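In this text, residue positions in the sequence shown follow our numbering: the first is 264, and each later residue adds one. Where is the CB? At the ideal position from N, CA and C, for every residue including glycine. A quick note: this is a predicted structure, and the numbers were derived from the prediction, not measured. Right, one structure below, let's go through it.
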Amino acid sequence: MSLPAVVPAPASIEAGSGAPFRLTSATSVSGEEDAAAALGALLDARTGVTPVTAEGDADIRLVIAAGADAESYRIAVDEASVTVTGADAAGLFYGVQTLGQLVARDGEGWAVPAVTIEDAPRFAYRGVMLDVARHFHGVDTVKGYIDRAASLKLNALHLHLTDDQGWRIQLDSRPELTEKASGTAIGGDPGGFYTKDDYREIVEHAASRHMIVVPEIDMPGHTHAVGLAYPELAEDPVISDHMRQIVDEYGGTLPEAGVPFEALAVGFSSLKIHDEATYDFVADVFGELAAMTPGPYLHFGGDESLATADDDFAYFVTRVSALIADLGKTPVAWHEAGSAKDVADSTVGQYWGYVTPLEGFAEKAQTFVDNGAGLILSPADAIYLDMKYPASSSGSAVPELGLTWANGPTSVERAYSWEPAEVIPGVVDDAILGVEAPLWTETVRTAADIDTMAFPRVAAAAEAGWSPRTGQSDLRTWESFRTRVGALGPLWTSMGIGFHPSEEIPWVTE
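Written out as structure tokens, the structure is:
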């Protein structure tokens, strides 16, 4: 008997020998209210059948029973009933997402196969990143991405809120940032920003899906927009031959101090490292952001600071990481910050290098491991969701969106076929906080673009973060994954997810 398709692959799944549980208009559900609402919305979208809410015994029972690992759940299905038991509210929510994937056509009706699933996450942190600086994406789009990510048991939304092209978060302490630096985006597209109420709405929506928000204010590079609002804090742009090449290839103009930047090139901007006014600014920004953000992490960037001298960069990173730690938050930085050996010990590193590290990248990432804080893995040539898809061998249409710099184009198979514990030599599970799939938006303008670039590859990242290690489960193979993710096509369609129908995947249509 074949196993039902679940993504990400569960820790344990065993098919039963009995008849399936059949959904009807009389099917009842009882248990935790939020989980019941999530299940009702999922089943209504997929089947048109909405369970009847009941008190006490019901056909579908949703239960929280403490004692097992955080975020874990158990599903037991037989002909008469379905029971989903979560160790906590998050585990129950994830069990509901799995139950939604189990629902399948049964003649003219719908059924859930007899099955027993025991499941728990491999890593505590399982994230997606959305860049809202290169192109701005409004509250509804962000909330929709939260819903989609949570359905795959991802539990962190990293928002890249600032970059050379724009500042996207309102702060009372520094109003000029949104007044003067939020109006533009790449290619001359309109900008935008989140009011404090908008940000609160995003944070609350994420929490309702058991996700945290990780805000990123990138510095000391990627800060041209800061100079539009506070020119006294920013160095003049440093123009390199590489930047000229990027502008020639992708269009736009070279950066000028005080002029909004609407092109793609990076590495030309820097805050003034030895001006105390810079650290007053940093304290205002992260102090206010900490008060707005209930999650434990504040991300201060630290990547591609090519216009900042190495010693100055180390000084800045050391000081800013300590400032964030003193706010009672856990600093997060891209792996380049590991070149500063005095970076605050609690700082988590986010590795964006390749699956096979380039020279010097692993050593910088190792700093965070040596300090005991660990790493988030975001290998660019595997799970950067903004890389182009490969050309179709059959001649079918392929999205024109995306870039190729990270060894792209990136196939779904390449997004799947890497093992987190084999990226940085010697860095295994205990030193890995988790996995995050970034989506940079140089070419991504709409919610539909986000869907196209993220799905199905984000499901591969979700499996790397949640499921057993490669080789420890028969399900953790490319052949298994491509079949399982293909079976989600009808569910994703019913959820309104405009996924790319990659020819690598044997898509099910009903």
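_Between the CA atoms of G303 and D369 - distance to the nearest angstrom_ = Note on geometry: alpha-carbon atoms of D369 and G303 lie some 19 Å from one another.
*Neighbourhood of P753 by C-beta, 8 Å cutoff - its chain only, sequence neighbours within 5 removed*: Residues of the same chain with a CB within less than 8 Å of the CB of P753, apart from the 5 flanking positions on each side, are R309, V771, T772, E773 in chain order.
_Short of 7 Å in beta carbon distance, which residues of its chain neighbour M650, apart from the five on each side in sequence? Order them along the chain._
G665, L666, T667, A669, G671, P672, T673
*Of the choices A678, R463, L325, whose alpha-carbon is the least far from that of M716?*
When each option's Cα is compared against that of M716, the closest is A678.
*With 16 other CB atoms within 10 Å as the buried threshold, where does E479 fall?*
A buried status is given to E479, since no fewer than 16 other beta-carbon atoms sit within 10 Å of its beta-carbon.
_Can you tell me whether F399 is helix, strand or coil according to DSSP?_
coil
*asked:* If distances are taken between C-alpha atoms only, which option among V270, V366, A700 comes closest to D644?
replied: Comparing Cα-Cα distances from D644 to each of V270, V366, A700, the minimum goes to A700.
*At what residues does the alpha helix (DSSP H) containing I760 begin and finish?*
Neither: I760 is in no alpha helix (DSSP H) and is coded neither H nor E.
*Reference G591, options P557, G616, L621, T581, closest by Cα*: When each option's Cα is compared against that of G591, the closest is P557.
*Kindly provide the ranges of any beta strand (DSSP E) runs that are 3 or more residues long and lie completely inside the stretch 430-505, ordered along the chain.*
Counting whole runs of 3 or more residues, the stretch 430-505 contains the beta strand (DSSP E) stretches 475-482.
*Under three-state DSSP, which class holds H598?*
helix
*What are the boundary residues of the alpha helix (DSSP H) that includes I713?*
710-717
*Using 8 Å as the threshold, is the stretch 415-435 in touch with the stretch 386-404, meaning 3 or more CB pairs across them?*
yes
*Buried or exposed: L393, going by 16 or more other Cβ atoms within 10 Å of its Cβ?*
In the assembly as shown, L393 is a buried residue. Its beta-carbon has 16 or more other beta-carbons within 10 Å.
*Residue range of the beta strand (DSSP E) that A278 falls in?*
275-278
*Is the beta carbon of V632 less than 9 Å from the beta carbon of L640?*
Inclusion of V632 and L640 in the CB contact set at 9 Å is not warranted, their separation being larger than that value.
*With DSSP as the reference, label T348 as helix, strand or coil.*
Of the three classes helix, strand and coil, the one that applies to T348 here is strand, per DSSP.
*Which residues bound the beta strand (DSSP E) around D369?*
367-369
*Grouping DSSP H, G and I as helix and E and B as strand, with all else coil, what is Q613?*
strand
*To which residues of the same chain is T313 closer than 6 Å at the C-beta, ignoring the five residues directly before and after it?*
G303, D307
*CA-CA distance, W615 and A684?*
Answer to the nearest angstrom: the Cα atoms are 15 Å apart.
*Just how far apart, CA to CA, sit V395 and D504?*
27 Å
*Whose CA, out of F524, W597, I380, R463, lies closest to the CA of L552?*
R463
*asked:* I'd like the span of the alpha helix (DSSP H) that includes Y578, first residue to last.
replied: 573-589 is the extent of the alpha helix (DSSP H) around Y578.
_Going by DSSP, what residue range makes up the alpha helix (DSSP H) through V632?_
624-634
*Measure the alpha-carbon distance for E519 versus T348 and round it to whole angstroms.*
58 Å
*asked:* Checking 9 Å against the spacing of the C-beta atoms, do P653 and H763 come in under that value?
replied: no
_P376 versus P384, D382, Q364, R385, residue with shortest Cα-Cα distance_ = Q364
_Determine whether the beta carbon atoms of H468 and T704 lie at a separation below 9 Å._
No, the Cβ-Cβ distance between H468 and T704 is not below 9 Å.
_CB-CB length for A329 against D351, believed under 8 Å_ = 7 Å
_Measuring only the C-alpha atoms, how far is T441 from T447?_
11 Å
*Around the C-beta of A725, are 16 or more other C-beta atoms found within 10 angstroms, so that it is buried, or is it exposed?*
buried
*Residues in its own chain within less than 8 Å of A226 by CB, not counting five upstream and five downstream?*
As displayed, the chain neither begins before 264 nor continues past 773, which places residue 226 out of reach and without an answer.
*When the distance is taken between beta carbons, is G451 closer than 9 Å to E784?*
Nothing about residue 784 can be reported from this structure: the residues present for the chain run from 264 to 773 only.
*asked:* I'd like the span of the alpha helix (DSSP H) that includes D297, first residue to last.
replied: 296-310
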